[in-house]
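Position in the sequence shown (first residue = 1) + 49 = the working numbering.
The block underneath contains the structure these notes are about, expressed in structure tokens.
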Amino acid sequence: MSDNEPLPTRAEVNSIPYTEAPHKTPIWPERLRDVALLLACAVPLLVLFRLISTGLYASPETDDFCFSYHYAADGLFGTVALFYKIAIGRILPMVIMTLPAMLSRAVPLDMFIVYPLMMAGFLLAFIAVCTWVCGRLWPTIRGALLLFLGATFAATIAVNAVSFREMFLWLPGVACYLVPAALLLIVLAELTASAFADVRLSTRQTAVLGALCFLAAFTPIWIVAVIGISFAARGFAEFRSHAVLGACTVAGFLVLLAAPGNLVRLSLYPAGRQIGASIDNAINYFTFDLMILLGQPNIIAWLGIVATVSIFVISPKPVGLRAAAVVAIGIPALFLLGSFLTFFIAYYATGELLALRARNEIEVFIIASLTVSVASIARFAGQFLPSRPLQMQTAGIILSALLCVHLLGSPIMAILKTERPTFNTFWLESIHRHASIGLSKDNEIVIPNRTVHPSLLMQEDLTENPARLPNDCVAAFYGKKSVVMRAPPVSQTPR
Numbered sequence: 050m051s052d053n054e055p056l057p058t059r060a061e062v063n064s065i066p067y068t069e070a071p072h073k074t075p076i077w078p079e080r081l082r083d084v085a086l087l088l089a090c091a092v093p094l095l096v097l098f099r100l101i102s103t104g105l106y107a108s109p110e111t112d113d114f115c116f117s118y119h120y121a122a123d124g125l126f127g128t129v130a131l132f133y134k135i136a137i138g139r140i141l142p143m144v145i146m147t148l149p150a151m152l153s154r155a156v157p158l159d160m161f162i163v164y165p166l167m168m169a170g171f172l173l174a175f176i177a178v179c180t181w182v183c184g185r186l187w188p189t190i191r192g193a194l195l196l197f198l199g200a201t202f203a204a205t206i207a208v209n210a211v212s213f214r215e216m217f218l219w220l221p222g223v224a225c226y227l228v229p230a231a232l233l234l235i236v237l238a239e240l241t242a243s244a245f246a247d248v249r250l251s252t253r254q255t256a257v258l259g260a261l262c263f264l265a266a267f268t269p270i271w272i273v274a275v276i277g278i279s280f281a282a283r284g285f286a287e288f289r290s291h292a293v294l295g296a297c298t299v300a301g302f303l304v305l306l307a308a309p310g311n312l313v314r315l316s317l318y319p320a321g322r323q324i325g326a327s328i329d330n331a332i333n334y335f336t337f338d339l340m341i342l343l344g345q346p347n348i349i350a351w352l353g354i355v356a357t358v359s360i361f362v363i364s365p366k367p368v369g370l371r372a373a374a375v376v377a378i379g380i381p382a383l384f385l386l387g388s389f390l391t392f393f394i395a396y397y398a399t400g401e402l403l404a405l406r407a408r409n410e411i412e413v414f415i416i417a418s419l420t421v422s423v424a425s426i427a428r429f430a431g432q433f434l435p436s437r438p439l440q441m442q443t444a445g446i447i448l449s450a451l452l453c454v455h456l457l458g459s460p461i462m463a464i465l466k467t468e469r470p471t472f473n474t475f476w477l478e479s480i481h482r483h484a485s486i487g488l489s490k491d492n493e494i495v496i497p498n499r500t501v502h503p504s505l506l507m508q509e510d511l512t513e514n515p516a517r518l519p520n521d522c523v524a525a526f527y528g529k530k531s532v533v534m535r536a537p538p539v540s541q542t543p544r
């Protein structure tokens, strides 16, 4: 157009036909992806809701009464010092086990109200940790996708618990094993994410991770494995930071080993110290638990979700071959070795099978190690895809949503479905027992046997012997001389 040529009029401009740009993408594929993602969250959130609501029926049992009584009599420091001397060396778990008594006095609320709220709260906190871990493993995800992965990760761990009650609904099991497991997951995710991103550990990161390593001292085998793999994945660089983490782990473990209560507990297990039997027991029971865990369809489904999301849904940040290979191979290998050694040490020290709550912790570590391994491989492979169109992302999300359905068929959900009708009766009997003992003016109490015994909510009950646990601690908690349970009729069988 020359300088002298007149500009077109408004009518001429409006008469020009409008044509859409050929590259404009329809909005419906994006909407379909978002809807598919929201629907995918439904199954894991439903599973978690049912498990959290189960926690609201939890009731104090055995050691809960011991710690509550001693907190009332000796205070926090006195209680920790006493149990450190006569029972265990785990400082953080002992503090956590006094929380019901501490909170019920501070609020104030009855301990039978505080306790189930705490159990539900710990499960929510564990879900938050799992979500944070997923956010570090896949740093580019946000919003609903992060919620989906975090909820599915937490639900997969929860429904595969060897004992759901001892993992989430009994405070000693939560304090001694679930909390250290959660701390280890944080250390694992942070060291893995920084190694993948090829980012040096800052002074602040090292200090925070060192504190977590110190507090999770009852898991030294796995912590040392994580530190070693992180060191190797960085090409054996940052020696000082990893040495600090290792020193914190050793320091925490030495505090635990120094407890006089360890010798007291070992003296109660004279059948231990048999190397041959310990190796045989470790091989048999570790293999048994591992095969059951790996045979669960929801485990295979979760690993499939990790691979699918990493390759087809997320645009991953670049990951070096060395870091991906070291983490993918090293973490599961060392975690499995650590799990076997735990079975061996437990039988060697006590002559008995590893406790259910400790096997819960191993289950968490195995699932986490397999998750990190598959994510490492998938992220490395996925970075070579040129693009991820919306149709591919939507298909990946739909496939992941379908795989989540396996959560509903897990053994824990089957038990929950069977025992759920007994929960109201169990809760009412717990409150009735609590009120009857607390309000009675008698010094020697005899209580009736329970009519229901849901395995998700209880394990040990009172006995006819007032001098044994838990009768002695229950009597001390209520300020009675003795509390015993009336012997059930011969014809009565627990339901």
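By construction, the Cβ of each residue, glycine as well, lies at the ideal position given by its N, Cα and C atoms.
Please read these numbers as outputs of a predicted model, since none were measured by experiment.
Beta-bridge pairing of residue i - partner residues as DSSP gives them
i      : result
Ile415 : Its beta-bridge partners do not exist; DSSP assigns none.
Met534 : Ile496
8 Å contact criterion, which residue i and residue j should meet: CB distance rounded
i      : j      : result
Cys183 : Leu173 : Not a contact, Cβ separation roughly 16 Å.
Ala231 : Val178 : 5 Å
Thr298 : Val273 : 6 Å
Gly369 : Ala281 : At roughly 12 Å, the Cβ-Cβ gap does not stay under 8 Å, so Gly369 and Ala281 are not in contact.
Phe202 : Thr420 : 7 Å
Thr512 : Pro365 : Between Pro365 and Thr512 the Cβ distance is about 57 Å, and since that is not below 8 Å, they are no contact.
Ile496 : Arg482 : 6 Å
Cys225 : Pro142 : 4 Å
Phe361 : Ala444 : 7 Å
Glu110 : Met507 : 6 Å
Ala193 : Leu86  : 5 Å
Thr205 : Leu456 : 7 Å
Pro149 : Val163 : 5 Å
Leu405 : Val223 : Contact flag wrong, Cβ pair sits at about 13 Å.
Leu342 : Ala398 : Leu342 to Ala398, Cβ: 24 Å. No contact.
Ser418 : Pro381 : 4 Å
Contact under 8 Å by Cβ, residue i with residue j
i      : j      : result
Ile416 : Asn209 : yes
Phe526 : Ser117 : yes
Val84  : Cys453 : no
Met617 : Asp112 : Given that the chain is displayed from residue 50 to residue 544, the structure contains no residue 617 and the question cannot be resolved.
Phe1   : Ser479 : Examination of residue 1 is not possible in this model, given that the chain is present from 50 through 544 alone.
Leu88  : Ala424 : no
Gly138 : Leu305 : yes
Phe175 : Leu227 : yes
Gly259 : Leu294 : yes
Phe213 : Ile461 : yes
Tyr318 : Glu401 : yes
Ile303 : Ala200 : Note on identity: in this sequence residue 303 is Leu, with Ile being the wrong assignment. For Leu303 and Ala200, no; Cβs fall outside 8 Å.
Leu465 : Leu505 : yes
Tyr396 : Ala326 : yes
Leu218 : Met168 : yes
Ala207 : Pro229 : no
Cys522 : Cys115 : yes
Leu195 : Ile278 : no
Ser531 : Glu493 : yes
Leu261 : Val236 : yes
Arg191 : Gly284 : no
Ala244 : Val376 : yes
Closer than 8 Å to chain C by CB, residue i
i      : result
Glu215 : Within the model displayed, chain C is absent; a lone protein chain is all it includes.
heavy atom of the ligand GDP below 7 Å from residue i C-beta
i      : result
Pro188 : This structure does not include the ligand GDP; it has no bound ligands of any sort.
| Inter-stretch contact at 8 Å, needing at least 3 Cβ pairs: the stretch 106-126 / the stretch 471-486 | Put simply, the stretch 106-126 touches the stretch 471-486. At least three CB pairs are less than 8 Å apart.
Curious, which full-length alpha helix (DSSP H) runs of at least 4 residues does the stretch 115-195 contain? Counting only runs of 4 or more, we get 140-146, 148-155, 160-186.
query: Is it a yes or a no for the stretch 351-359 touching the stretch 424-431, going by three-plus beta-carbon pairs under 8 Å?
result: The stretch 351-359 is in contact with the stretch 424-431.
- Meets three-Cβ-pair contact criterion under 8 Å: the stretch 340-350 and the stretch 379-396: Proximity of the stretch 340-350 to the stretch 379-396 falls short of the contact definition, fewer than three beta-carbon pairs being nearer than 8 Å.
Exercise. Mind pulling the alpha helix (DSSP H) runs of 4 or more residues that sit fully within the stretch 353-410?
Worked result: Correct list: 370-399.
Next on the checklist: With three or more C-beta pairs closer than 8 Å as the rule, is the stretch 128-137 touching the stretch 310-317?
Outcome noted: The way I'd put it, the stretch 310-317 does touch the stretch 128-137; three or more beta-carbon pairs between them come closer than 8 Å.
* **Residue ranges of each alpha helix (DSSP H) within the stretch 193-266, 4 or longer** => Here the runs fully enclosed are 228-245, 252-264.
(message) Could you tell me which whole alpha helix (DSSP H) segments of length 4 or greater appear in the stretch 420-483?
(response) Runs of the alpha helix (DSSP H) spanning 4 or more residues and lying entirely within the stretch 420-483 occur at 439-453, 460-468, in chain order.
*asked:* Using 8 Å as the cut-off, can you tell me whether the stretch 330-341 makes contact with the stretch 396-413, which would need three or more C-beta pairs spanning the two stretches below that distance?
replied: Flag = yes, the stretch 330-341 and the stretch 396-413 touch.
query: What are the uninterrupted segments assigned as alpha helix (DSSP H) that are 4 or more residues long and contained completely in the stretch 290-361, given in chain order?
result: Runs of the alpha helix (DSSP H) inside the stretch 290-361: 310-315, 324-343, 346-357.
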